[in-house]
Amino acid sequence: MSKAFDKISWGYMRQVLEAFGFHKFNIKWIMAMVSGAFFSILMNGSPCNPSILLGASNKEIPSPFLFVIMAEGFSRSIFVALHSNKLAGLQPYAFSPPYMHQQFVDDTLLMGLLTIREASSFKSILSDFCAAFGTTINLEKSKLFFFNTPLSICRNIARLLDFPISTLPSNYLGVPLTDRPLSRATWEDLINKLEKRNANWTFRFLNLVGHLVLVKFVLWAILLYLYSAAPKVLSNKIRNL
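Residue 999 is where the sequence shown starts when you use our numbering, and the numbers rise one by one after that.
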């Protein structure tokens, strides 16, 4: 989604919070936080001069939680389409439940049968959700992946969804996406980057606390998404840096 945190409709947020059963008093507080123009801090029981509030951003503590609740509307729409036979999803095994989507904050992975009907259903759900949510799809960062599909069907689906066609290997949040097991060579760039950062810090006059801060906020940020997919050999090497 494009600038997802900045485009949430306040009306949609209120309706979703009410649907989830939030108390009206809590909803009033939340809506005042994200939509109010000013706020004032109480000092010894007396309000200070009001300050400008531009609205909650993705750096504010409540925003990720609110965003997850808002994005749940998209999941519910997909399940409704499944039960009404508008979507079939991707079923890798005979008796497994169908896979239709995975969400990570404002990134969504959609999975389905390679048919125009399936693509049209996804497009309709996306359009309805964006209209209610107040956001738009980032076409530049969206991609289509096809497997064992005739070229004519690929082109028709790409034309319908208006997403560019891509192929593996690719990257998702810095993690390599490939149809083969990830080898040690795949992670060489990551290891070189960590070793270079660590070597530069060695010659700085930093105490133990300073080094820990750099490791926590710099090295860990690099590994945040990659580490979950790293093999055991790589994990051991990273620990020994």
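A virtual CB, placed ideally from N, CA and C, is assigned to each residue, including glycine.
State yes or no: is the C-beta of residue i within less than 9 Å of the C-beta of residue j?
i                  : j                  : result
methionine 1029    : methionine 1068    : no
isoleucine 1151    : isoleucine 1114    : yes
phenylalanine 1144 : isoleucine 1163    : yes
glycine 1110       : glycine 1087       : yes
leucine 1159       : phenylalanine 1120 : yes
serine 1168        : lysine 1141        : yes
histidine 1099     : leucine 1108       : yes
serine 1075        : aspartate 1126     : yes
Starting from residue i, follow the beta strand (DSSP E) in both directions and report where the run begins and ends.
i                  : result
glutamine 1089     : That residue, glutamine 1089, is in no beta strand (DSSP E); it is neither H nor E in DSSP.
phenylalanine 1145 : Neither: phenylalanine 1145 is in no beta strand (DSSP E) and is coded neither H nor E.
leucine 1107       : 1105-1108
Going by DSSP in three states, residue i sits in which element: helix, strand or coil?
i                  : result
phenylalanine 1072 : helix
proline 1095       : coil
leucine 1080       : helix
isoleucine 1163    : strand
asparagine 1169    : strand
phenylalanine 1065 : helix
phenylalanine 1102 : strand
leucine 1111       : coil
leucine 1158       : helix
leucine 1137       : coil
Within the same chain, show all residues whose beta-carbon is closer than 7 Å to that of residue i, passing over the 5 residues directly before and after it, in chain order.
i                  : result
glycine 1132       : Lys1005, Ile1006, Ser1007, Tyr1010
isoleucine 1135    : Met999, Ser1000, Leu1124, Cys1128
phenylalanine 1161 : Leu1137, Ser1140, Lys1141, Leu1142
leucine 1052       : Note that leucine 1052 has pLDDT 48, beneath the 50 cutoff, so the model's placement of it is unreliable and no number is given.
CB-CB under 6 Å to residue i, same chain, minus the five flanking residues each way: which ones, in chain order?
i               : result
arginine 1195   : none
isoleucine 1039 : Cys1046
alanine 1156    : Leu1142, Ile1163
leucine 1015    : Ile1025
Can you name, in chain order, every residue of its own chain whose Cβ lies under 8 Å from the Cβ of residue i, other than the five neighbours on each side?
i              : result
glutamine 1089 : Pro1095, Pro1096, Tyr1097
Can you give me the start and stop residues for the alpha helix (DSSP H) that residue i sits inside?
i             : result
leucine 1015  : 1008-1017
arginine 1115 : 1114-1131
lysine 1026   : 1022-1033
Does residue i come within less than 9 Å of chain B when only Cβ atoms are used?
i            : result
leucine 1175 : Included in the structure is just one protein chain, with no chain B present.
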